[in-house]
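Novice: Here it is: the structure, laid out below.
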Amino acid sequence: MEIVTKLGFVLLGLVIILNWGLIMAGIIRKIIARASMRRGISITQPYINLFKNYSIRSQITHGVMFYLGPVFRLSGGVGIFLFMPLIFGSENWSNFSFAGDLVLIVYFMFFGMLGMALGAGEGGHPYSAIGISRGLAQFTAIELPLTLAIISIAIQYKTLSITEIVAAQQGGIQNWTLVTNPLATLAAMISFLGAMGHAPFNVVMAPQENPIGPPTEYHGTFLGVLQTNRAILHVIEAVLWMNLFFGGATNWIELILKSFFIYFWSVFVGMVFPRFRVDQSISWLLKLPTLIGILAIVIFLL
Amino acid sequence: MNNTHDHNPEKTHQKFLAPENMPRTVIGPDGEEIHIDPLNDYFCSERPKVHEPANNKIIEKFMNWARAESLWVLGFGTGCGSIEIPPLLSPRFDAFRYGVAMRPTPRQSSVLIISGYLAVKTLKRAIRSYEQMQNPKFVIALGSCTINGGMYWDSYNTINRLDHYLPVDIYIAGCMPRPEAILAGFDQLKKRIKEGRAEGANEYARNFDWYKSNQKKIIKDWNMPDYNW
Amino acid sequence: MVNPIYIVVALLGSAFLSGLSKQHSSAAASWLAYGALLFSVVVSATWLGAFIFNGIPAAEIFTAGVNPPFSINLRMGLEEAFLTLAINLAGMAGLSYLSRDFSIWGQKATTIFLVLIMSVNVVVMTRDLFNLFVFSEVGSIAMVGLIFTRRDTDGYSAGFKYLIAVSVISALLLLGIGFVYYNTGSLNVDTILSQSSLVNGSLAVALFLVLISLVLELKVFPVNGWALDVYQTVNPGIGSVISGVVGTGSLYVLYKMLPLGGALWYEIVLIVGLVTFVGSNFVAISQKNVNRLLGYSSVAQAGLLMVALGAAPLVGQHFLLIAGGVFLSQFLAKSGLFWLAGMINSADTAGWAVLRQKPVLLVLFGFFVLALAGFPPFPSFFGKWQLVIDLAHNGQFAVIAALLIGSLFEAVYLFRWLGEAIKLPVAEGLTLQTPLSRLWPVLLFGILLPVGGYLFSRLTPGFDGFLMVSVAFALALMLLDYLPAWIKNSLTIAGLLLYASLVYPLIEGDLIRVVFAVIFVGGGLLTLIAGYSVKGKRMGFFPFAILMYAGLIGLIEAQNLLQFLFAWELMTLGSYILIIRGKKSMLHALNYMLFSLGGAYMIMMGISLSVFGTQGLDLALMGTSYWPVWSVALLALGFLTKTAALGLHIWLPGAHAEAESDVSPMVSGILLKAGAFGLVLLFLAIGGEANSQQPLLYALGWLGALTALGGNLMAAFQEDAKKLLAYSSVANLGYILFAFAFMTHIGWIAGFTYSINHFLFKTLLFLAIGGVVLRTGTHNMYEMGGLIKRVPWSFITVLIGIITLAGIPPLSGFSGKWLFYHAVIAKGWYFQGTMVFFAGTIAFLYCFKLIYSIFLGQEKDHLRKVKEVPVWYIVPQVLLVLAIMVFSYRPDLILVPLGHTLAAANYFPTDPITWNGLTASTTAGYWNASQIMMVIGVMFVILLGWLLFMSRKAQKVKQFNIVFAAERPFRPETTHYSYNMFRHYHRAVGFLVAPVATRFWNGVDAVMHDVAHSAKKIYSGNGQTYIVHLLAYVVIIYLLMF
Amino acid sequence: MNQLFKRLEDSFGLTAESPRKPDQYFCTVDANKLVACITHLRDNEGFTILTLLTAVDWIEDGKFQLTYLLNNPATKTDLGVRIFIERDNTSMQSIHHLWGHAATFQRELKEMFGIDFPGSPRVDEPFLLEGWDDIPPMRREFDTKKYAEETYFPRPGRETNDPAQYMKQKLYPDE
Amino acid sequence: MNYPSLGQIAMAAGMMLFMLGLWGIITRKNILRIIISFTLLDAGINIVLVSIGFLRNRTAPIVDQALPATQTLEKAVDPVPQALVLTAIVIGLGITALMLAYALQLYRKTGSLDINKFNSLKW
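Structural data, given as structure tokens:
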């Protein structure tokens, strides 16, 4: 019985996160449009796009991995969700976070990337492979500040359990990592920009250079699966950052607000900055953000 | 120079077969001979299939609504009309609010805008792109050139009527039509889709032989299987 | 007992008779010569048998019926019997070998030859100084007479130089003898010895003259140009006599006389020997002429024996073992090599490739080279080992270091030579001349080598004969080499299992050893199964495979350091041969061998400096608290050459990549763990958690992190699939080093997890990729592509392999990563840890490149008919996948008991991991592999089912049906994006992979060769210069002494 | 310029025309002297740029007129060198060795007029037209209207008007 | 005044011959001269050896009527060095002969006796 309740809450949480991800994408794009003085899409447009993609009638496939790729990708997104505690203090909304700690989530991010890489590779399109190779190369550099930040907060809180990290930040904004460890937060937020794939780190999907990169060959249901994952992943990664640096959430409203603002940070930066070439972004990430991350650790060692 | 038209398309296509599409023999790692016929080995040569609408009326209506409200346009410009598309996305006209978006790959697009005259050479690419789009797919043709050849009506290298080569859903007249007209065209297309009348893809599949013979009549170096999957 | 004087009588008599006989009775004369030599052999053999088995005391033989000092007396003791047996045997073999030449040169040559043998016999046995002089002069004259048979200017000039030099030396000797007599009134060695307490100034000078001329007779470096010229020009059959017979005599004389000089002279001989050994080997590095190379090598070996001689007071009772072992090896091997050179008739070492026409000879050549280089199971290994240990007990570390460096120089040219013989193309027009009269001496000496090795292994203290079983097994397999491969493969597997089952009871309680044993034996089984796919005979593979595995198991079973090193060298030897079997492996194998030997010598040096050097060899002594930091550093470096740490890694990629498809997993997935095992032993030895080597470990930790980063980066920029995997191995061993360097409980658990994982996935990947390479015939990934349709099984296994490699949950690679994170946090090595994690993300780059370039993307024309890899490759892969799955699902099965073992008091008492059911938790976090796997599995299946349902009607299309900007792709080759895939990454971080290490080692190589080449210039070829050298040498030694 | 023409007249027998613009001159030479002429112009007279190579079809005379338009960047002068060649099975010496880009012009002329330039790189490959198997379309005996009507399904009912007349009629029908 | 004894003079002369020979061996370029130098050296050593066994006022150690075996200890010089010298002379002769044979062959082959020319074997 317990397991059924657990599964019920997990599914419910997944539905909420998915819907919030879609709505959030709509809101953000609406904001972008208004910022450039357009009316822009309706907030429901992501839903419609998703429905449309699932209602495409004909499809083609390049082989087995063409199926497995999106499945890996979505598993990656859903998996991170499954191992992520959502609401602090709530047994029901902590999903399967008892199975592993922060390390699990950090490494599980690769699962989806691998799937995308394999699926796109099976498509046989050179642009897919180019996109993947750029994405992977950039990701190595994006991970570096994040790793430093994680180590820094692990030193700070002496734990890698997300629940305990959130617990340590309770009791007001002065206890958030944002305040107690600003350098680590800064490093991780830069890394968040890369993880979200917005400018200046969006060379992977760069439509003008290599038509949309990895998912060039994907369409219809396959693309629908990828979009579903995107909606989940954006929210759940924002939730991860929220848990680590912004005090977590004690209820859904807080989660929704915080994840929105964290995600909006990446969009905001993306609106303002132009795009890096991939080697530029790597060089840049290996310099300033890495330095910030190292400082974040050094401060705790002193 | 022979002045006679060769009306046997098979022979013509053989004549214009590209060198890289010629059958060839390569030697495998263990010394075995491998015969390669690129057209058969590299390309899927299935004919297009007719995909009937869903039986359930309500579901079909819902799907058509979703398709109509999410028109993903392939970024493919022909002729002078391609200069009319970018203003469409600018704040002044803002086609996004109608669910219109540009996609860089035909696999993900559902609308092909033929934005002006089509030389034979361009037509070939337009057909390939169209065929690579997935089943509910719609064609909007801009300008008189696509309707009757426009000012190029007697050119030796420009087609006169697009609907002999691709199933056109909406013609937007003008030389060129302004963005407002194109927006109106999108509106009409939406109506057509919602009414379930925009079955161009199925029409293309049903009348595949006719379309193909028209296409092959002028595109002599097709160098592909009949349908470009 | 026959009086040994009859040896002299028989030889001299037959010499006279054959000299007197007419030309037409030459057959009878040569039979007479054989008879005399056989008689001598029998006599000396009976004496030797009597000494060994009956233990009788040494016999003194008095001539002329008067007691010494008034007459000449001979002695027949154990040493004399052994040496005369060797000399007479060599004489007999040499006579047979030279019989064809003698028939051309005429009867006189036989006569001279017999006189030569006789004179050396006397020189060995005599106890009279003047008699010694006379017979050594007789020997020299005979020698020069034999040199005279080479009838051209080179021969004459070399002979003349030799003659002048020998005359000057013997003049010095005679002068010395005269003064000795003047001072002591006796010429009898024993009498003089009894007065040696009376040594005064003038006697000391006299003795100096005697001894220095004896030393000079040994052709010490660098005053030996006259001898080298002779080596270069004479018939190799005579060269073997000079090196083997005459050299033996001279050495023994020095041994006899050395007590006269007292302690100081022992030191002088030690130093002279060292200089000779190192210098001669060093100049030989850049030598290509075979005969001269053999000359250098002979001189070097004589130098080694002089070292042993000089160290006699230090080594005490082990002297006979040491000198005997070294002597026997070099005597047999050098004679054999000279004889082989005579059969090949190529001035250049490259010509020795012709040996491949007769595999037996190639094997024997291998024996000789290995015996010279001091490899087990040959006697010199035991000799050298005992020498090093005894020197270490006496604190002679500089001597050890010099010895080891000299040995390394020696290995450079020996193994270059061996490699050339194995790999180079056979030169045009060269043929082997192998009449039976030349063949049997080589065969006999070749067979005597391992036999001698066995004997000496029994004599060496602390050696367990059990290890020799595997060697015998390998030799037996070598004899069975004409059988088809599958039979030998089955035999090898059976042997491996048998050996493992015999060893298992010895290590049963020790989980650390059991883990490594499982890796070694399990990996061996799996890779040998893959070997079934090879058709034909596969000559020369299985004996060495079994040697390698025996070595690996021997490492685990070793009770003391001798056995450990024995096993280590066996493993190196076996793997060297396995590696050199690859198509383009010659240089890589040489690199491998040199780095391995360098590592082994560092280990030896480290052992000497450590507790073992002072207290004993038993591994149980390891816990002793005294560990000098240099010793630990050297030992660690030695093991790190095997694990290819950054800077020492340059041998690995080539060696692993060019090896055969089923050898690569052996050497990469399994063999590298030997280094890891060594590190484990070392780190446990220095005291586990409570060690006192923190600064060194800190450095090693950084080294590990840098290795991980560098290896992964280099792997990402490879185009060769196997090189990519090889660099990945470098990096993974870097992780393992990093983990073990933590010296904490959790770090060690991580290290073991990594070791197991690396074994599993790297063996898997190398097998899979090796199979594909086998089918496609290329290593270059950009030449493959789209093979998923052709080799689906390999694709699946590679997929699982790279998921494990990259450490992605839920497979077992993640367990290593999790433990790593916690170990880093607990230890506080944050920056190294970050570097390692950064390296981990780079692993994705090459994982993707590997699987994409080979299996995905565009299929190439010429690979459209590639078949699935042989089932024998699939079977072990499937087994490995199963193992990965089990280890992923239940890591606790291994990690929990391992944790208990490591928590032992003298290891790592603080165990931070608590296991609650299947959940491992530390104070910092928790992890439940089974739950993760279950959750992900269920989710994956649901999502896959959903997508399959939604896309069930999808049209399958072919490879060119891609969106190509409304065009069509031109050719698969131009559409497959693979070559230089990460060029953008290279732009950003390429400066990190500048080939610094390669440049450094190339520089070392170039400098060594240049210096060696310049050093050789002292051999100007001018006889007078040589004399000047001689005299200057005498003066320098004199000045040094007084 | 006249001096130049005088010099060239002596060497190559060219006939000059009166200039159309102050800096634009035309002249005519024999086809077989052309290469020598423009080589001289390029190397000695400073006409280093080949601006254009084009053809005119004088079907009535049975001739093709080729114009090599050269430019002298120092004096900012254009010089068009004309030749006339036979119309049937015609071929002309290639000048791709003087200017690399001449090959492209020649490729186009080959495709559009059927003028062959033996030795010119890739001269037989299609340039603008893909799969054209009729007579070269710019030759005046090619009836492009008839070809278009036969090939491109003209839409029935289409009227073609002179725009000026049509608009006048439509806007001011009374006049 | 302490005059050197005959034995000492002989020894000094022998040593000088020895040194002279050695000097010749390492300085002369002609092979024949080298051989002659060697014979000088050899002779020098022999003289030294004889002088070692020399005892003043004694006779040669030949047992005959003049020197009965019973008086050898008192009247004869040390016989051993003499025996040595005899043997050494024989050996020196053999070696000299061999050297000359080599010199002859070298001269036949090359027409030269310059030792500096025979350095084709080196390094």
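Protein chains in written order, with our numbering: chain B, 1 to 302; chain X, 303 to 531; chain F, 532 to 1573; chain R, 1574 to 1748; chain E, 1749 to 1871.
Beta carbons are placed, not taken as given, at the ideal position from N, Cα and C, and that holds for glycine.
Using the DSSP secondary-structure output, state which residues sit across from ARG405 of chain X in a beta bridge.
Specialist: Stepping through the second sequence from its first residue, residue 405 of chain X is reached at position 103. According to DSSP, ARG405 of chain X bridges with X:LEU376.
Novice: Under 8 Å between C-beta atoms, does PHE1802 of chain E make it to chain F?
Specialist: Counting from one through the fifth sequence, the residue named residue 1802 of chain E turns up at place 54. Output row for PHE1802 of chain E: interface = no.
Novice: Just checking my contact of GLN1490 of chain F with ILE60 of chain B at CB under 8 Å: how many whole Å lie between their CB atoms?
Specialist: As a working note, residue 1490 of chain F is residue 959 in the third sequence. As a working note, residue 60 of chain B is residue 60 in the first sequence. That pair is no contact at about 12 Å.
Novice: Under 8 Å, CB to CB, which of the residues in the segment 1703-1718 of chain R have a partner in chain X?
Specialist: Cβ contacts with chain X come from GLU1703, GLY1704, TRP1705, ASP1706, ASP1707, ILE1708, PRO1709, PRO1710, PHE1715, THR1717 and LYS1718.
Novice: With three or more beta-carbon pairs closer than 8 Å as the criterion, would you say the segment 183-197 of chain B touches the segment 240-251 of chain B?
Specialist: Verdict: yes, contact present.
Novice: Can you look up THR306 of chain X in the DSSP assignment and give me helix, strand or coil?
Specialist: In the second sequence, the residue the question calls residue 306 of chain X occupies position 4. For THR306 of chain X, the predicted model reports a pLDDT of 45, less than 50, meaning its position is unreliable; a value from the coordinates is still stated below. Reduced to three states, the DSSP call for THR306 of chain X is coil.
Novice: Going along the segment 1620-1631 of chain R in order, which residues come within less than 9 Å of chain X, judged by CB to CB distance?
Specialist: Correct list: empty, as no residue qualifies.
Novice: Measuring only between beta-carbons, confirm whether TYR218 of chain B sits less than 8 Å from chain X.
Specialist: The count along the first sequence starts at 1 and reaches residue 218 of chain B at position 218. At least one chain X Cβ lies under 8 Å of TYR218 of chain B.
Novice: Using C-beta distances below 8 Å, list every residue in its chain close to LEU886 of chain F, excluding the 5 sequence neighbours before and after it, in chain order.
Specialist: As a working mapping, residue 886 of chain F is identified with position 355 in the third sequence. Only LEU871, ILE875, LEU892, LEU893, PHE896, ALA952 and LEU963 meet the Cβ criterion.
Novice: By Cβ distance below 7 Å, which residues in the same chain neighbour ILE256 of chain B in space, the five residues on each side in sequence not counted?
Specialist: As a position in the first sequence, residue 256 of chain B is number 256, starting the count at 1. Excluding residues within five positions, the ones whose Cβ falls inside 7 Å are TRP20.
Novice: What residues of chain F sit near GLU362 of chain X, judged by a beta carbon separation below 8 Å?
Specialist: One-based indexing of the second sequence puts residue 362 of chain X at position 60. The contacting residues do not exist; GLU362 of chain X stays about 17 Å from chain F at best.
Novice: Taking only beta-carbon atoms, is ALA1604 of chain R less than 8 Å away from chain X?
Specialist: The residue you call residue 1604 of chain R lines up with position 31 of the fourth sequence. Cβ-Cβ to chain X under 8 Å: no for ALA1604 of chain R.
Novice: Ignoring anything shorter than 4 residues or poking outside the segment 946-1025 of chain F, list the alpha helix (DSSP H) runs there in chain order.
Specialist: Whole alpha helix (DSSP H) segments, 4+ residues: 967-990 and 997-1010.
Novice: Could you pull out every residue in the same chain whose Cβ sits closer than 7 Å to the Cβ of LEU616 of chain F, ignoring the five residues on either side in sequence?
Specialist: Your numbering for residue 616 of chain F matches position 85 in the third sequence. Cβ neighbours of LEU616 of chain F beyond the five flanking positions: VAL572, SER575, ALA576 and LEU579.
Novice: Less than 8 Å between the beta carbons of GLY1388 of chain F and GLY131 of chain B, yes or no?
Specialist: Residue mapping note: residue 1388 of chain F aligns to position 857 of the third sequence, counting from 1. Residue mapping note: residue 131 of chain B aligns to position 131 of the first sequence, counting from 1. Not in contact: GLY1388 of chain F and GLY131 of chain B (Cβ atoms no closer than 8 Å).
Novice: If you count every other CB in all the chains shown that lies within 10 Å of the CB of GLN1813 of chain E, and 16 or more means buried, which is it?
Specialist: Taking the fifth sequence and counting its residues from 1, one reaches residue 1813 of chain E at position 65. Label assigned to GLN1813 of chain E: exposed.
Novice: Determine whether the beta carbon atoms of ALA346 of chain B and PHE273 of chain B lie at a separation below 8 Å.
Specialist: Nothing about residue 346 of chain B can be reported from this structure: the residues present for chain B run from 1 to 302 only.
Novice: Report the rounded CA-to-CA distance for MET303 of chain X versus VAL1654 of chain R, giving the unit in angstroms.
Specialist: The residue given as residue 303 of chain X occupies position 1 in the second sequence. The residue given as residue 1654 of chain R occupies position 81 in the fourth sequence. With a pLDDT of only 40 at MET303 of chain X, under the threshold of 50, the placement of this residue in the model should not be trusted, and no figure is reported.
Novice: Can you tell me whether PRO289 of chain B is helix, strand or coil according to DSSP?
Specialist: Counting from one through the first sequence, the residue named residue 289 of chain B turns up at place 289. DSSP places PRO289 of chain B in helix when its eight states are reduced to three.
Novice: In chain order, which continuous runs of the alpha helix (DSSP H) of length 4 or greater are located wholly inside the segment 1339-1392 of chain F?
Specialist: Whole alpha helix (DSSP H) segments, 4+ residues: 1344-1358 and 1361-1386.
Novice: Does the segment 808-824 of chain F touch the segment 928-940 of chain F, meaning 3 or more C-beta pairs lie closer than 8 Å?
Specialist: Yes: at least three Cβ pairs fall under 8 Å.
Novice: TYR1669 of chain R to GLY1704 of chain R, Cα distance in whole Å?
Specialist: As a working mapping, residue 1669 of chain R is identified with position 96 in the fourth sequence. As a working mapping, residue 1704 of chain R is identified with position 131 in the fourth sequence. Going by the sequence as given, residue 1669 of chain R is His instead of Tyr. C-alpha separation (whole angstroms): 25 Å.
Novice: Closest to LEU1027 of chain F by C-alpha separation, out of F:LEU1429, F:ALA1005 and F:PHE858, would be which residue?
Specialist: On the third sequence, residue 1027 of chain F is found 496 positions in, with the first residue counted as 1. Of the candidates F:LEU1429, F:ALA1005 and F:PHE858, the one whose C-alpha sits nearest the C-alpha of LEU1027 of chain F is F:ALA1005.
Novice: Compute the Euclidean distance between the alpha carbons of LEU11 of chain B and GLU91 of chain B, then round it to the nearest angstrom.
Specialist: Here residue 11 of chain B refers to the residue found at position 11 of the first sequence. Here residue 91 of chain B refers to the residue found at position 91 of the first sequence. C-alpha separation (whole angstroms): 15 Å.
Novice: Identify each residue in the segment 1674-1702 of chain R for which the Cβ-Cβ distance to at least one residue of chain X is less than 9 Å, and report them in chain order.
Specialist: Within the segment 1674-1702 of chain R, the residues whose Cβ lies closer than 9 Å to some Cβ of chain X are GLY1687, PRO1699, LEU1701 and LEU1702, listed in chain order.
Novice: Give the DSSP bridge partners of TYR1457 of chain F, in chain order.
Specialist: Locating residue 1457 of chain F in the third sequence gives position 926, counting from the first residue. Per DSSP, F:SER1452.
Novice: Is the shortest distance between the beta-carbon of GLY1265 of chain F and the beta-carbons of chain B less than 8 Å?
Specialist: For this step, residue 1265 of chain F is matched to residue 734 along the third sequence. No, because no Cβ of chain B sits closer than 8 Å to the Cβ of GLY1265 of chain F.
Novice: Report the option in R:ARG1731, R:ASP1634, R:MET1574 and R:MET1711 whose CA atom is closest to the CA atom of PHE1620 of chain R.
Specialist: Within the fourth sequence, numbered from 1, the residue matching residue 1620 of chain R stands at position 47. Looking at the Cα atoms, R:MET1574 is the closest of the given residues.
Novice: When the Cα atoms are used, what is the spatial distance from THR1454 of chain F to ALA1272 of chain F?
Specialist: The residue given as residue 1454 of chain F occupies position 923 in the third sequence. The residue given as residue 1272 of chain F occupies position 741 in the third sequence. THR1454 of chain F and ALA1272 of chain F: Cα-Cα distance of roughly 21 Å.
Novice: Starting from the Cα of GLU1590 of chain R, find the closest Cα among R:TYR1598, R:SER1584 and R:ASP1616 and give me that residue.
Specialist: If you number the fourth sequence from 1, residue 1590 of chain R lands on position 17. Closest by alpha carbon: R:TYR1598.
Novice: Runs of 4 residues minimum, wholly inside the segment 697-770 of chain F: which ones carry the alpha helix (DSSP H) assignment?
Specialist: Within the segment 697-770 of chain F, the complete alpha helix (DSSP H) runs of at least 4 residues are 720-725, 732-748 and 756-764.
Novice: Cα separation between ILE360 of chain X and GLY502 of chain X?
Specialist: For the purposes of this step, residue 360 of chain X is taken as residue 58 along the second sequence, with counting starting at 1. For the purposes of this step, residue 502 of chain X is taken as residue 200 along the second sequence, with counting starting at 1. Looking at the two C-alpha atoms, the distance is approximately 21 Å.
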